[in-house]
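2 protein chains.
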Amino acid sequence: MSQNSTRMFYYEPRGYDAAMTETGIRQRTRKAILDGALSVWARDFTATLHDIADAAEVSRSTLHRYFPDRQSLVDAAKDAAIAALEESGVRAVSSGSDAADQLDAMLRATVDVGNAVIFLFFDPNRFADIWEGDDAEDAHSELREIVTRAQADGAVAADVAPDWVINMFYAVVYTAAESVNDGALPRHRAGEVASRTFFGGLGAR
Amino acid sequence: MSQNSTRMFYYEPRGYDAAMTETGIRQRTRKAILDGALSVWARDFTATLHDIADAAEVSRSTLHRYFPDRQSLVDAAKDAAIAALEESGVRAVSSGSDAADQLDAMLRATVDVGNAVIFLFFDPNRFADIWEGDDAEDAHSELREIVTRAQADGAVAADVAPDWVINMFYAVVYTAAESVNDGALPRHRAGEVASRTFFGGLGAR
DNA sequence: CGAGAATAGGACATCAATGTCTCAAAATTC
DNA sequence: GAATTTTGAGACATTGATGTCCTATTCTCG
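Those protein sequences? They're chains A and B, same order as listed. Start counting the first sequence at 17; every next residue gets the next number (this note's numbering). Start counting the second sequence at 17; every next residue gets the next number (this note's numbering).
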């Protein structure tokens, strides 16, 4: 036929298990896009795929090669956020048995994935389908258990409700994440600053 | 010229002071559109002008006749929300001098304008330009003063921080407003239910 | 270096939301 | 009930986001 004699492979997006069998480069690109989506959408969920491609320092073509349509990127970002959050929780809890240490580790770990937290929880309607039933309770039960124990140990003020501590926990995470996004706070100092603020305000004197 | 002999007036939108010099009908239509915008945008700020026209039971033409573009409706809705909120606060404070009565009245009044609260405050980035400086503090200072006085009177639990009470105040308002929007709670019972829940949880035993 | 892998960039079609305009019908008022 | 006001409905142009496709260029790794 009239085909050119040179090779004409234009590399197509992979199938569902793409993330499993990808080369190192593609894994890094995929991660960059997901990170960009998380940080941009955490601040404004109406942001454009163009905005996300920019944030990920990738062309829009490349973005579409990895995530054919908007929804698939939303789903992947959601999964990535949940995975990051769970991983950070596990890491923190296994940092020792002392409640105060665990709480501190959990705060720093959560600040590290602050964008994931904001992306997932900021707008209750965004992923309302996921949090129905007891899932919302379960998500916080581990943190609540640690907080209660820390209060019993005298490491955290016991004259406020655990819920108040938990609300403060997330308030600090939110503020830290926004400051990092704004560039007002260097990422490597975020955990330390958040911890200092949290315990300086709530730690037993 | 070639003009038809019959009258050809197609009534145009009015100028900036339209709301001042309007007839009763137009005032009611304008209010219906603003109410629709508030209730729809409180739940989802990305909602379409079509959605708002539907909610207001008005055609899209009519909506555009009153608010030429999206931004002008957003601005008008914002102004209406602020006015409603301030008016409800004034009404509640002047309901007596007893702190508990004032707090109860303020809660019921705020539930009445729940959509305005959600529309204005739900997404801190939405109207970030308004709340810069001390305005955010001032907006809550009156409520905080009443709460503190109610705690001193023994009408509200004093072993929690005033901020926690204020957070609960808005949490109850949010929940009530959403329930009314969902149809799960009749509007005329919202104030009563909110008040009962709020004081049943926080009132001194 | 050279083949294969990956990306950038842009042309293009599509779609949904926005905004404009016109006319007919309904509602209101006198 | 006639004049005036107001609305509903739809046709239309515009715009921005999305999604597809093709090609040249760059990168990576043996």
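Using N, Cα and C, we set each Cβ at its ideal position, and we do this for glycine too. What you are looking at is a predicted structure, and each value in this text was computed from that prediction instead of being measured.
Quiz item: Should F215 (chain B) go down as buried or exposed, given a rule of 16 or more other Cβ atoms within 10 Å for buried?
Solution: buried
Quiz item: E73 (chain B) lies in the alpha helix (DSSP H); which residues open and close that run?
Solution: Run containing E73 (chain B): none; DSSP gives neither H nor E here.
Quiz item: Which residues in chain A sit within 9 Å of N183 (chain B), going by Cβ to Cβ distance?
Solution: W180 and N183
Quiz item: What residues of chain A sit near V176 (chain B), judged by a beta carbon separation below 9 Å?
Solution: Simply D175, V176, A177 and W180.
Quiz item: Count the other CB atoms within 10 Å of the CB of S157 (chain B); is the residue buried (16 or more) or exposed (fewer)?
Solution: exposed
Self-check item: Straight-line gap, N131 (chain A) to W57 (chain B) (C-alpha atoms, nearest Å)
Solution: 24 Å
Self-check item: Between the CA atoms of T164 (chain B) and A121 (chain A) - distance to the nearest angstrom
Solution: When rounded, the separation of the alpha-carbon atoms in A121 (chain A) and T164 (chain B) is 35 Å.
Quiz item: Comparing alpha-carbon positions, which option in A:K94, A:H66 and A:L159 lies nearest R107 (chain A)?
Solution: Distance check between R107 (chain A) and each of A:K94, A:H66 and A:L159 places A:L159 closest, using alpha-carbon atoms only.
Quiz item: What's the gap between the Cα of V133 (chain A) and the Cα of T78 (chain B)?
Solution: 41 Å
Exercise. Kindly indicate which three-state DSSP category D181 (chain B) falls into: helix, strand or coil?
Key: The sequence given here has Val at residue 181 (chain B), not Asp. The answer is helix: DSSP assigns V181 (chain B) an H, G or I state.
Self-check item: At least three beta-carbon pairs within less than 8 Å, the stretch 80 to 90 of chain B to the stretch 102 to 116 of chain B
Solution: no
Exercise. Measure the C-alpha to C-alpha separation of D175 (chain B) and A53 (chain B) and round it to an integer number of angstroms.
Key: The straight-line gap separating the alpha-carbon atoms of D175 (chain B) and A53 (chain B) is approximately 40 Å.
Quiz item: Which residues in chain B sit within 8 Å of D60 (chain A), going by Cβ to Cβ distance?
Solution: N141
Quiz item: Is R76 (chain A) near H66 (chain A), with beta carbons less than 8 Å apart?
Solution: Yes, these two residues count as a Cβ contact at 8 Å.
Self-check item: Backbone secondary structure at E38 (chain B) - three-state DSSP
Solution: coil
Quiz item: Taking the alpha helix (DSSP H) that T126 (chain B) falls in, what are its first and last residues?
Solution: A115 to D128
Quiz item: Can you tell me where the alpha helix (DSSP H) with R107 (chain B) in it begins and where it stops?
Solution: R86 to V109
Practice problem: Quick one: residues in its chain with C-beta nearer than 6 Å to the C-beta of L136 (chain A), no 5 flanking neighbours on either side, listed in chain order? | Solution: A97
Quiz prompt | For L201 (chain A), the three-state DSSP class (helix, strand or coil) | solution = coil
Self-check item: Coil, strand or helix - R59 (chain A) by DSSP
Solution: helix
Self-check item: Other residues of its chain near S211 (chain B): CB distance less than 7 Å, five sequence neighbours each side excluded
Solution: The residues are D120, L123 and R124.
Quiz item: Between R203 (chain B) and A193 (chain B), what straight-line distance do the alpha-carbon atoms span, to the nearest angstrom?
Solution: Whole-angstrom Cα-Cα distance: 9 Å.
Quiz item: In or out: G40 (chain B) buried (at least 16 other Cβ within 10 Å) or exposed?
Solution: exposed
Quiz item: Leaving out five residues before and five after A115 (chain A) in sequence, what residues of the same chain have Cβ atoms less than 7 Å from its Cβ?
Solution: I162, R165, A166, D169 and A171
Quiz item: Between A206 (chain B) and S195 (chain B), what straight-line distance do the alpha-carbon atoms span, to the nearest angstrom?
Solution: 8 Å
Quiz prompt | R30 (chain B) - DSSP class collapsed to helix/strand/coil | solution = Low confidence applies here, because R30 (chain B) scores a pLDDT of 47, under 50, leaving its location unreliable; read the following figure in that light. Correct three-state label for R30 (chain B): coil.
Practice problem: Express the C-alpha separation of H80 (chain A) and F61 (chain B) in angstroms, rounding to a whole number. | Solution: 27 Å
Practice problem: Determine the contact status of V181 (chain B) and T126 (chain B), defining contact as a CB-CB distance below 8 Å. | Solution: no
Self-check item: Buried versus exposed, by CB contacts within 10 Å (16 or more), A200 (chain A)
Solution: exposed
Practice problem: Quick one: using the 10 Å Cβ neighbour count with 16 as the cut-off for buried, is Q118 (chain A) buried or exposed? | Solution: buried
Quiz item: Would a check of beta-carbon distances place S157 (chain A) closer than 8 Å to chain B?
Solution: no
Quiz item: What's the gap between the Cα of A100 (chain A) and the Cα of V129 (chain A)?
Solution: Approximately 7 Å between the Cα atoms of the pair.
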